[in-house]
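Just so you know, we're using my numbering here: the sequence shown kicks off at 4 and counts up by one. Each residue gets a CB set at the ideal place from its N, CA and C atoms; glycine is no exception. In what follows, a structure is listed as C-alpha cells, so that the remarks can point back to it.
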Amino acid sequence: MENFKFTYMDKAYELGENNLEYFLNDEEKPVRGIDRESIIKLLLEGEEVSFSKEYYDEPCGNCLNGKVYGQKYFKFLEYHFFIYTKDGNYVISNISKDRKDNFSTLLNRGLVDDSYIVSLMVCDNCGNYAIEIEQCEI
4 MENFKFTYMD
14 KAYELGENNL
24 EYFLNDEEKP
34 VRGIDRESII
44 KLLLEGEEVS
54 FSKEYYDEPC
64 GNCLNGKVYG
74 QKYFKFLEYH
84 FFIYTKDGNY
94 VISNISKDRK
104 DNFSTLLNRG
114 LVDDSYIVSL
124 MVCDNCGNYA
134 IEIEQCEI
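See the structure below:
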C-alpha cells in the first residue's frame, strides 16, 4: 500500500503503517468496511487535501514534543473529511473521486443513511498520526 505524502511549511510528512499512533472507529456505531488503508486511498484520490495547524492540550504520545519545556499547547496538523454509510457499512466519502452528489441527495435517494467525520491528526514534530472516526448528528 502506498503511503500518503504531503508538505506543510516546507516540511515533508508521510502517513504510513509504521507511524500510525492509533485508529479509532466510532465506539458506539463503528463503520464497517473502512480501515487505515482505505483512508489512505481516499487521501491519495482526494483533489484538495489540505492540512491546517491546530493546537492541543496533550502532547504527541510518541515524541512528547514540548512537554519537557513545560509547554501548555502542542502543535499538530489536522485534516477532516466525511464518510457516508448505509446500515453501518461504508459507501462513499465527500473526497471520493467518483462522488457526484452531496449527502442530502444520497440520503433522499436511500443510498446512505448516516454520516461520520474522519479526523487525521499529525504530530508537527515527529510525523506520527492518528485517525478518528466519529458519527455526525443528522
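query                                                                                                                                                                        : result
I'd like the list of long-range same chain contacts for Asn28, defined as Cβ closer than 8 angstroms, with 5 residues on each side in sequence excluded.                     : Val34, Ile37, Ile136
Compare the beta carbon distance of Phe85 and Tyr59 with 7 angstroms and say whether it is the shorter of the two.                                                           : no
When we look at the beta-carbon of Asp90 and count the other beta-carbons within 10 Å, is it buried (16 or more) or exposed?                                                 : exposed
Return the chain-ordered list of same chain residues with a C-beta closer than 8 angstroms to the C-beta of Lys75, the five sequence neighbours on each side being excluded. : Asp60
Hey, is Arg102's beta-carbon within less than 7 angstroms of any beta-carbon in chain D?                                                                                     : The structure shown contains no chain D; it holds only a single protein chain.
With respect to the alpha helix (DSSP H) encompassing Asn40, which residues constitute its N-terminal and C-terminal limits?                                                 : It should be pointed out that residue 40 corresponds to Glu in this sequence rather than to Asn. Where Glu40 is concerned, the enclosing alpha helix (DSSP H) stretches over 39-48.
In terms of residue numbering, what span does the beta strand (DSSP E) encompassing Phe9 cover?                                                                              : 7-11
Should Phe7 and Leu45 be called a contact, given that it needs their Cβ atoms to be closer than 7 angstroms?                                                                 : no
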